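J.: I'd like to ask you about the structure that follows.
Protein chains: 2
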Amino acid sequence: MHEFKEIFADREAPAGRVVRAIAAIGSVSATQLVKSTGLARSTVSTVLTDLKDRGIVLEGETRSAGFGRPTQLLSLNPTQGFCAGILFGLGEVRVAICDLAHTVVSDFWFEMPQDYTPSDAAVRVRLQLEEECDKLGIATSELLGVGLAVSAPVSYEGQVLNGSILPTWCGIDIAQVFSREIDCPIFAENESHCGALAEMTWGAAVGEPNFVLFKFDLGVGGAVVINGIVQRGAFGNAAEFGHISLNPHGPLCRCGNRGCLETYAGGFNLIRLAEQATGERISIETFIERVKAGNASYRRLVEDAAEMAGWGMGITSTILSPPLFVIAGKLASLGEIFITALEKHFARHSVQPPPHARHIRNPKIMVGKFLANDDTVLGAVALVLHQHGRVTA
Amino acid sequence: MHEFKEIFADREAPAGRVVRAIAAIGSVSATQLVKSTGLARSTVSTVLTDLKDRGIVLEGETRSAGFGRPTQLLSLNPTQGFCAGILFGLGEVRVAICDLAHTVVSDFWFEMPQDYTPSDAAVRVRLQLEEECDKLGIATSELLGVGLAVSAPVSYEGQVLNGSILPTWCGIDIAQVFSREIDCPIFAENESHCGALAEMTWGAAVGEPNFVLFKFDLGVGGAVVINGIVQRGAFGNAAEFGHISLNPHGPLCRCGNRGCLETYAGGFNLIRLAEQATGERISIETFIERVKAGNASYRRLVEDAAEMAGWGMGITSTILSPPLFVIAGKLASLGEIFITALEKHFARHSVQPPPHARHIRNPKIMVGKFLANDDTVLGAVALVLHQHGRVTA
């Protein structure tokens, strides 16, 4: 396993590039490897022969594209290494550990007091990781990496750029705080960017290198994926879809502007409006249940949110013209109740296909595979698999 | 020259990759070539030695980065090949020919009747190219390529996707029409995408691989550039900034929606409003002159347009977080009169840098270098240099 970790860590060597490409995709043909590593076919072939001899790469199932020779799929020997992903929630922390075949081998969570600090979290995460790694027969330092999903934009250097959901995390240098406790490479990213990596690796966007993810949960976030890369922009703060400005005279937003998409379509806003109407305090989970049960007032709130969601997505489509939108978050779990209204307003706010160009279609709008917090914790694992958002050496 | 054309055309061979990379950038160090071609350092070195021996690549000026060894810059022998760019205007066609050192060796235009067809244009372009190529001592078939800039989105296959400025061009298959007349590779793209290539190659975005261009002219268009690549989206129709939907109850747009950015900030709209107020018919050029001369009503129209322009750009910044915006088109030629109001409203409609993260700045907003039609005709040349938007074999 040590040997594998060394190969994996070498970003320049052909063997390192090959195993990291397989790690990101899961199972892959030699032809795909040539394309995604940019290495010569002969180099890939030599490297693969060696990795197969050493038991690091396994030849898996064959796949036929209908005609022609079936393709041999390659995957990493699952037991050669493990990655951990951590999700920081409001009052709990969730941890998942995956092997190299992308199988979750451990998934647990523990409670934290409200307003816990990153330092407290780092200590608890270390203790829990030690316990779980012990069961797997490895040391935490042997993990290929630990991915941290944070509900805020994270800079390239690992600084949390705002503290909307976890105020005590605002401005924190994650690399510094977590590298004191955890002795393996650390990766950190915005939870919506993690969600996009999860959908690329296990979910609705497998095989689609270009898509946009919109997450409608308590807040609104998302990710722009181009050529298989989650775009982070100049400072790590791209795809802040919750702050698409829809009305200069709209409700004040926590970002200091008015009429941001989140002030209309964020779950916090829906709960607040529901509470104002009923006088009863409710959670987002209760709200979603009642919408599903047919509560007319709550359904109206969801339709109003979908109208603004469709508008924001329509603008995004005009700017990027992606072939696919993936919708995630708790509102997406409402399925058609949310999506039908969203699609109608999407069409009114995006350039429609011209009648004379039949091959041009509106982008596909799909509900994501991971709608609860699964997307985020698995996405944090995917940070390590894709070598994305690395903040320590 | 035949020999060079063959090397240039070979997309797979290392020599072809090297000369195309030099062609796109103009003058380049060996280190940059390794990075941009993805080839091994030793391969680049071998190829360069051969190309220098054959007189195809020249060693140019040396550049020192302050410390360390000065860097030798490489460029293509200018006389090894020529590229042509064509811009289709309302009543005229402009043609530019460049050598491989990016020097314009020929720049001319000819009038066409209103509503001229693509077929008429193709015949006239061929005749004029024959005449100019004759002066350069080459046949048109020896051109490395001809780039066509069209004032509408163009699909990957070369179909014009709408006909807003040139109605008779709507739905036309450019590859088919022009390959009948012109016997060399043909490239075709939206004029704003061409403008971005011109700014990358000669203008405000040299050395900046990530930027967004907004063009405010009679219409509103633009381009999204990520890692040096102009993004075309699913069907060639990305960056249709004129159709960013800002108001569901706003003025009807030619695209079938309401309140698109172009209905507020497009030059057509400004002229129309000016005409309504004065009863006098004016051109966009006259309008711009009078704004510069201080006409208060016209200035107000420009400020109102800048307000909406800043809003559209602010949303784009929230979605993509680019380090640089380049502003082009006739409104950009107004400089501060337009930009000051635009920047103010940009700030009100984009996520502002958090106070605790000092390294995060608002994106730079620069006026482009090419504000008249130069951007477009040079951008059409750059289509060939960058091998972008190719529609024929």
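Protein sequences, first through last, are from chains A and B. For the first sequence, the working numbering begins at 1 and goes up steadily by one. For the second sequence, the working numbering begins at 1001 and goes up steadily by one. The C-beta atom is built at its ideal place from N, Cα and C for all residues, glycine as well. Keep in mind that this is a model prediction, so the values were computed, not measured.
Counting only beta-carbon atoms, is N237(A) nearer than 8 Å to chain B?
T.: Counting from one through the first sequence, the residue named residue 237(A) turns up at place 237. Yes, N237(A) lies at the interface with chain B (some Cβ there is under 8 Å from its Cβ).
J.: Nearest CA to the CA of H193(A): which residue from H359(A), A393(A) and H386(A)?
T.: Here residue 193(A) is taken as the residue at index 193 of the first sequence, counted from 1. Selected option, being the one with the closest Cα: H386(A).
J.: Below 8 Å between beta carbons is the criterion; list the residues of the segment 187–212 of chain A that meet it against any residue of chain B, in chain order.
T.: Taking 8 Å as the Cβ-Cβ cut-off against chain B, the residues of the segment 187–212 of chain A that qualify are N210.
J.: 8 Å is my cut-off, CB to CB: does C1184(B) come that close to chain A?
T.: Sequence index remark: in the second sequence, residue 1184(B) carries index 184 (1-based). Output row for C1184(B): interface = no.
J.: So does the segment 343–355 of chain A actually touch the segment 241–249 of chain A, counting three or more Cβ pairs closer than 8 Å?
T.: Judged by Cβ distances under 8 Å, the segment 343–355 of chain A makes no contact with the segment 241–249 of chain A, as fewer than three pairs qualify.
J.: Can you give me the start and stop residues for the alpha helix (DSSP H) that R126(A) sits inside?
T.: The residue given as residue 126(A) occupies position 126 in the first sequence. Run containing R126(A): P118 to L136, per the alpha helix (DSSP H) assignment.
J.: If V1220(B) sits next to I1186(B), beta carbons under 8 Å apart, how far is it from one beta carbon to the other, in whole angstroms?
T.: Here residue 1220(B) is taken as the residue at index 220 of the second sequence, counted from 1. Here residue 1186(B) is taken as the residue at index 186 of the second sequence, counted from 1. 27 Å between Cβ atoms; not a contact.
J.: Report yes or no: is there a C-beta of chain A within less than 8 Å of the C-beta of W1311(B)?
T.: In the second sequence, counting from the first residue as 1, residue 1311(B) sits at position 311. Taking Cβ atoms only, chain A reaches closer than 8 Å to W1311(B), which makes this a yes.
J.: Which stretch, first to last residue, makes up the beta strand (DSSP E) that contains A1188(B)?
T.: Numbered from 1 along the second sequence, position 188 holds the residue referred to as residue 1188(B). Counting along the chain, the beta strand (DSSP E) containing A1188(B) begins and ends at I1186 to N1190.
J.: I'd like the span of the alpha helix (DSSP H) that includes L1143(B), first residue to last.
T.: Along the second sequence, read from residue 1 onward, the residue named residue 1143(B) stands at position 143. First-last for L1143(B): undefined, no H or E at that position.
J.: The alpha helix (DSSP H) that contains E1289(B), what's its start and end?
T.: Here residue 1289(B) is taken as the residue at index 289 of the second sequence, counted from 1. Element bounds for E1289(B): I1284 to A1293.
J.: In angstroms, rounded to a whole number, what distance separates the CA positions of A1030(B) and V1047(B)?
T.: Your numbering for residue 1030(B) matches position 30 in the second sequence. Your numbering for residue 1047(B) matches position 47 in the second sequence. Whole-angstrom Cα-Cα distance: 11 Å.
J.: Nearest to G1314(B) by alpha carbon, out of R1290(B), N1362(B), E1336(B) and G1228(B)?
T.: Position 314 of the second sequence, counted from the first residue, corresponds to residue 1314(B). If you compare the alpha carbons of R1290(B), N1362(B), E1336(B) and G1228(B) with that of G1314(B), the shortest gap goes to N1362(B).
J.: So H345(A) and A306(A) are supposed to be a Cβ contact under 8 Å. How far apart are they, rounded?
T.: One-based indexing of the first sequence puts residue 345(A) at position 345. One-based indexing of the first sequence puts residue 306(A) at position 306. Sure, about 7 Å apart at Cβ, within 8 Å.
J.: By the criterion of Cβ-Cβ separation under 8 Å, what are the contact partners of T396(A) in chain B?
T.: An answer regarding residue 396(A) cannot be provided, because it is not within the stretch 1 to 393 covered by chain A.
J.: Quick one: Cα of S1027(B) to Cα of A1204(B), how far?
T.: On the second sequence, residue 1027(B) is found 27 positions in, with the first residue counted as 1. On the second sequence, residue 1204(B) is found 204 positions in, with the first residue counted as 1. Their Cα atoms are separated by approximately 17 Å.
J.: Could you tell me the distance, in whole angstroms, from the CA atom of V177(A) to the CA atom of V160(A)?
T.: On the first sequence, position 177 is the one that residue 177(A) refers to. On the first sequence, position 160 is the one that residue 160(A) refers to. Distance between the alpha carbons of V177(A) and V160(A): 12 Å.
J.: Beta-carbon of I1360(B) versus every beta-carbon of chain A: anything under 8 Å?
T.: Looking up residue 1360(B) in the second sequence gives position 360. Output row for I1360(B): interface = yes.
J.: How close, in whole Å, do the beta carbons of F370(A) and F211(A) come, if the pair is a contact with beta carbons under 8 Å?
T.: As a position in the first sequence, residue 370(A) is number 370, starting the count at 1. As a position in the first sequence, residue 211(A) is number 211, starting the count at 1. Distance from F370(A) to F211(A) at the Cβ level is roughly 14 Å; contact not present, criterion being Cβ atoms closer than 8 Å.
J.: Look up T1046(B) in the DSSP assignment and say whether it is helix, strand or coil.
T.: Reading the second sequence from its first residue, position 46 is the one you call residue 1046(B). In this structure, T1046(B) counts as helix in the three-state DSSP scheme.
J.: Can you tell me the Cβ-Cβ gap for E1059(B) and L1074(B), rounded? I've got them flagged as a contact below 8 Å.
T.: Within the second sequence, numbered from 1, the residue matching residue 1059(B) stands at position 59. Within the second sequence, numbered from 1, the residue matching residue 1074(B) stands at position 74. At roughly 6 Å, the Cβ-Cβ gap stays under 8 Å, so E1059(B) and L1074(B) are in contact.
J.: Exposed or buried, what is G233(A) when buried is set at 16 or more other beta-carbons lying within 10 Å of its beta-carbon?
T.: On the first sequence, position 233 is the one that residue 233(A) refers to. Label assigned to G233(A): buried.
J.: On the three-state DSSP scale, how would you describe W1202(B)?
T.: Residue 1202(B) sits at position 202 when you count from the first residue of the second sequence. Correct three-state label for W1202(B): coil.
J.: Any chance the segment 1132–1144 of chain B sits against the segment 1097–1107 of chain B, with 3 or more Cβ pairs inside 8 Å?
T.: yes
J.: For R1126(B), which residues in the same chain have their Cβ closer than 6 Å to its Cβ, ignoring the five residues on either side in sequence?
T.: Locating residue 1126(B) in the second sequence gives position 126, where the first residue counts as 1. Excluding sequence neighbours, R1126(B) sits near E1181 and I1182.
J.: According to DSSP, is I1182(B) helix, strand or coil?
T.: Along the second sequence, read from residue 1 onward, the residue named residue 1182(B) stands at position 182. Reduced to three states, the DSSP call for I1182(B) is coil.
J.: Of the residues A1393(B), A1382(B) and V1391(B), which one's Cα is nearest the Cα of F1082(B)?
T.: What you label residue 1082(B) is simply residue 82 of the second sequence in a count that begins at 1. Among A1393(B), A1382(B) and V1391(B), the Cα nearest to that of F1082(B) belongs to A1382(B).
J.: Can you give me the C-alpha to C-alpha distance between L395(A) and V1034(B), rounded to a whole angstrom?
T.: Nothing about residue 395(A) can be read from this structure; chain A reaches only from 1 to 393.
J.: Does any residue of chain B have a CB that is nearer than 8 Å to the CB of F394(A)?
T.: One cannot answer for residue 394(A) here, as it falls past the ends of chain A, which runs 1 to 393.
J.: Could you tell me if F235(A) is buried or exposed, where buried requires 16 or more neighbouring beta carbons within 10 angstroms of its beta carbon?
T.: On the first sequence, position 235 is the one that residue 235(A) refers to. Under a 10 Å Cβ-count criterion, F235(A) is classified as buried, with 16 or more other Cβ atoms of the shown protein chains found around its own Cβ.
J.: May I have the straight-line CA-CA distance separating F216(A) from A328(A), to the nearest angstrom?
T.: Against the first sequence, residue 216(A) aligns to sequence position 216. Against the first sequence, residue 328(A) aligns to sequence position 328. Near 6 Å, if we compare the C-alpha coordinates of A328(A) and F216(A).
J.: Given a cut-off of 8 Å on the beta-carbon distance, is the pair G1038(B) and G38(A) in contact?
T.: Taking the second sequence and counting its residues from 1, the one referred to as residue 1038(B) is at position 38. Taking the first sequence and counting its residues from 1, the one referred to as residue 38(A) is at position 38. Result yes, Cβ atoms of G1038(B) and G38(A) sit closer than 8 Å.
J.: Compute the Euclidean distance between the alpha carbons of C184(A) and D10(A), then round it to the nearest angstrom.
T.: As a first step, residue 184(A) is located in the first sequence; it is residue number 184 there, counting from the start. As a first step, residue 10(A) is located in the first sequence; it is residue number 10 there, counting from the start. If I take the Cα positions, the gap works out to 15 Å.
J.: A84(A) and L166(A) look like a contact to me (Cβ under 8 Å); what is the Cβ gap, rounded to whole Å?
T.: To locate residue 84(A), count along the first sequence from 1; it is residue 84. To locate residue 166(A), count along the first sequence from 1; it is residue 166. Going by Cβ atoms, the distance from A84(A) to L166(A) rounds to 20 Å, so no, they are not a contact pair.
J.: Taking the alpha carbon of V1391(B) as the reference point, which residue from I1022(B), I1174(B) and V1019(B) has its own alpha carbon closest?
T.: For the purposes of this step, residue 1391(B) is identified with residue 391 of the second sequence, where counting begins at 1. Selected option, being the one with the closest Cα: I1174(B).
J.: Where do the N-terminal and C-terminal ends of the alpha helix (DSSP H) with G1267(B) fall, by residue?
T.: Residue mapping note: residue 1267(B) aligns to position 267 of the second sequence, counting from 1. Here the alpha helix (DSSP H) through G1267(B) covers G1267 to T1278.
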